[in-house]
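Residue numbers (our numbering): 512 to 657.
Let me begin by presenting the structure, written as structure tokens, before commenting on it.
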């Protein structure tokens with residue numbers, strides 16, 4: 512078995528966040544003539560604990576000042592909105608924050624640009640100001656590059 516390692520070039524701009532995917536609607540109503548009522552199971556709403564910290568313009572933060580937020584769902588857009596509200600940024604300025612995750616306690620900050628996983632594990636998120644040097648230095652891979 513052989514593997515080929517290919518470098519993925521960076522994107523010039525951060526990617527757009529994915530649109531919100533709403534769970535399917537559950538049909539309601541009474542029985543229809545000579546048909547049994549069909550029950551559709553609604554998807555469970557995932558609830559997870561988010562630990563977050565606000566970093567300075569250079570990306571530095573204190574490991575002792577993490578705060579906690581309960582978040583329902585998987586949408587990265589909704590998480591950004593909720594974190595902006597928690598940080599007092601306001602809904603009108605929700606694009607002023609960039610969310611990052613880390614691989615381990617010493618990992619490099621990676622921009623959070625996809626919806627959250629299908630589990631309820633707690634997540635650690637570092638929040639940067641979008642126009643800060645730390646946010647502008649983030650690398651966004653161009654996975655669609657030839």
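For each residue, glycine too, the CB sits at the ideal point set by N, CA and C.
Everything numeric in this text was worked out from a predicted model, so none of it was measured.
Alpha-carbon to alpha-carbon, residue j and residue i
i, j, result
"residue 530", "residue 512", "38 Å"
"residue 562", "residue 514", "37 Å"
"residue 600", "residue 609", "12 Å"
"residue 621", "residue 516", "20 Å"
"residue 652", "residue 528", "14 Å"
Contact check, residue i vs residue j, beta carbons under 8 Å
i, j, result
"residue 602", "residue 580", "no"
"residue 623", "residue 587", "yes"
"residue 593", "residue 641", "no"
"residue 638", "residue 578", "no"
"residue 605", "residue 591", "yes"
"residue 521", "residue 650", "yes"
"residue 654", "residue 636", "no"
Anticipated Cβ contact below 8 Å, residue i with residue j, distance rounded
i, j, result
"residue 559", "residue 634", "6 Å"
"residue 519", "residue 656", "7 Å"
"residue 568", "residue 616", "The Cβ separation is near 22 Å, so there is no contact."
Collapsed DSSP secondary structure at residue i in the structure displayed
i, result
"residue 598", "coil"
"residue 521", "strand"
"residue 640", "strand"
Handout entry: Start-end ranges of the beta strand (DSSP E) lying completely within the segment 549-634, minimum 3 residues
Key = Whole beta strand (DSSP E) segments, 3+ residues: 558-565, 578-583, 608-613, 620-622.
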